[in-house]
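Report on one structure; see the data block that follows.
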Amino acid sequence: MSAARAFEDLSALALTAPAEPALDKGGLSSSTQKPEAAAANEGPLKRDLVAGLEKGLAVIEAFDQERPRLTISEVAGRTGLTRAAARRYLLTLTHLGFVTQDRKMFALSPKVLRLGQSYMHSARLPRIVEPELHKLAYALKEASSAGVLDGGDVICIAATSAGRVVSPTLQPGARVPAYCAANGRVMLAALPQAEVDDWIARQQLTPLTPHTITHPERLRIEIARARALGYACIDQELELGLRTVAVPLRNYRGDVVAAMNISVHASRMSMDQMVEHCLPPLLQAQAHLRMLL
Numbered sequence: 001m002s003a004a005r006a007f008e009d010l011s012a013l014a015l016t017a018p019a020e021p022a023l024d025k026g027g028l029s030s031s032t033q034k035p036e037a038a039a040a041n042e043g044p045l046k047r048d049l050v051a052g053l054e055k056g057l058a059v060i061e062a063f064d065q066e067r068p069r070l071t072i073s074e075v076a077g078r079t080g081l082t083r084a085a086a087r088r089y090l091l092t093l094t095h096l097g098f099v100t101q102d103r104k105m106f107a108l109s110p111k112v113l114r115l116g117q118s119y120m121h122s123a124r125l126p127r128i129v130e131p132e133l134h135k136l137a138y139a140l141k142e143a144s145s146a147g148v149l150d151g152g153d154v155i156c157i158a159a160t161s162a163g164r165v166v167s168p169t170l171q172p173g174a175r176v177p178a179y180c181a182a183n184g185r186v187m188l189a190a191l192p193q194a195e196v197d198d199w200i201a202r203q204q205l206t207p208l209t210p211h212t213i214t215h216p217e218r219l220r221i222e223i224a225r226a227r228a229l230g231y232a233c234i235d236q237e238l239e240l241g242l243r244t245v246a247v248p249l250r251n252y253r254g255d256v257v258a259a260m261n262i263s264v265h266a267s268r269m270s271m272d273q274m275v276e277h278c279l280p281p282l283l284q285a286q287a288h289l290r291m292l293l
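Reminder that position 197 of the sequence shown reads as 197 in the numbering used here, one-by-one numbering, no gaps.
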C-alpha cells in the first residue's frame, strides 16, 4: 500500500448516515428545517473552499500501489490539472518534503505518513475500538479488525492479529472494496435500500477471486441477508483462503458508525464453525462498544 493510499485511508472517514431523518436541536427533521438550515446541510459554499488545498491533496492521491512513480504529465492526467499546474503542485510538495524527484519521475516521501498518523493519534473511534479488538483476538486466537465505509471501499482503522497474519488487508490504513468485505456489507446493510441500489449502480464489481459475487442482484440479496441477520459472512470473496464474519458497530443513538470482524484462514475453520464460535463474542463486543460510542 502506498503512502498516498495510507493518507487517503486514514484521513477521509465517511460515517454511515442513519436511515431515519436526523433531528436538529429544535426537534425539526432535515425535511422541515428552515431554508437557511437546509442550505447549511448541503455543505460549504464554493467561495469558502480552498481550491489549492483540494488540488494539492488530489496530487498526493494520484500515487498508488500500481503507479508509485509518476511524471508531470501522468499526474496531470490523473488529477485533471493542466501540465503547468501539476508541475507547480509537484514542485511545492517536493519543497515541503512530501514528494521526491528523480529526473522526470516523482514519488511520495515517507513524510506523507505524518498525515495519516495525525488521524490515528487524534481520532476517538480507533482508540475506543482497539482494546475490544485485542480482547477478541486473544480470546479467539484469530485476527480481528474494524473499519469504516468510505465511498466504494472499507478503510481499516484498527486491527490486531493475535499472532496470526491471515491477510495484509488486516492492518490500519488498508483499503478494500466494500462489496466483497464483511465489514462493508454490514455497513451497507444499514443504509436505506434506495441508497444501496444507487451505491451498487456506481460500483465496478470486479471478481477478486472465483468466489467473488459480482452480479448486482446477488449482491443486493447478500446485503439484505446481512440486514436481516445483523451480521455478514464472506467466504473467500476478497482473498482465497480468507473467511470473515462481521457485525456493525452502533453508537448510543443507534447509528452505524463502523464495523468489526473476525478473520480466519479457511483451512482452520468452516463458515458454520465461524458463526458458531466467533459470532457470539463479536455480538458481546458490539453491545459493549455501543455504550462507549
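Don't be surprised by glycine CBs; every beta carbon is placed ideally from N, CA and C.
Here DSSP, grouped into helix, strand and coil, assigns residue 261 to strand. As the crow flies, the alpha-carbon of residue 235 is around 12 Å from that of residue 262. The beta carbon of residue 277 is closer than 8 Å to those of 140, 269 in its chain, skipping five residues each way along the sequence. In this structure, DSSP gives residue 94 a helical state, which the three-state scheme calls helix. Leaving aside the five residues that flank residue 281 on each side, the residues in its chain whose CB is nearer than 7 Å to its CB run, in chain order, 136, 139, 140. Counting C-beta pairs with one atom in each stretch, the segment 175-184 and the segment 145-163 have three or more that are closer than 8 Å, which means they touch.
A distance of 8 Å or more separates the beta carbons of residue 142 and residue 174.
When DSSP reads this structure, residue 107 sits in a beta bridge with 69, 100. DSSP places residue 169 in the coil class of the three-state scheme, outside both helix and strand. Inclusion of residue 242 and residue 166 in the CB contact set at 8 Å is warranted, their separation being smaller than that value. The bridge partners DSSP lists for residue 290 come to none. Nearest neighbour of residue 108 by Cα position, chosen from 85, 65, 123, turns out to be 65. Between residue 246 and residue 196, the CB-CB gap reaches or exceeds 8 Å.
Minimum Cα-Cα distance from residue 97 among the listed residues 124, 226, 60 corresponds to 60. For residue 57, the closest C-alpha among the options 86, 46, 67 is that of 86. 71 is the residue among 170, 71, 77 whose C-alpha sits nearest the C-alpha of residue 99. In the displayed model, residue 79 falls within a helix according to three-state DSSP.
Less than 8 Å separates the beta-carbon of residue 190 from that of residue 248. Taken through DSSP and simplified to helix, strand or coil, residue 205 comes out as coil. Nearest to residue 104 by C-alpha distance, out of 131, 91, 267, is 91. Under the three-state reduction of DSSP, residue 118 is assigned to helix.
Per DSSP, residue 51 is one residue of the alpha helix (DSSP H) stretching across 51-61.
Every beta strand (DSSP E) stretch that sits fully inside the segment 122-164 and reaches 3 residues is listed by chain position as 143-150, 153-160. Collapsing the DSSP output to three states places residue 246 in a strand.
Beyond the five residues adjoining it in sequence on each side, residue 134 comes within less than 6 Å, by CB distance, of 160 in the same chain, given in chain order.
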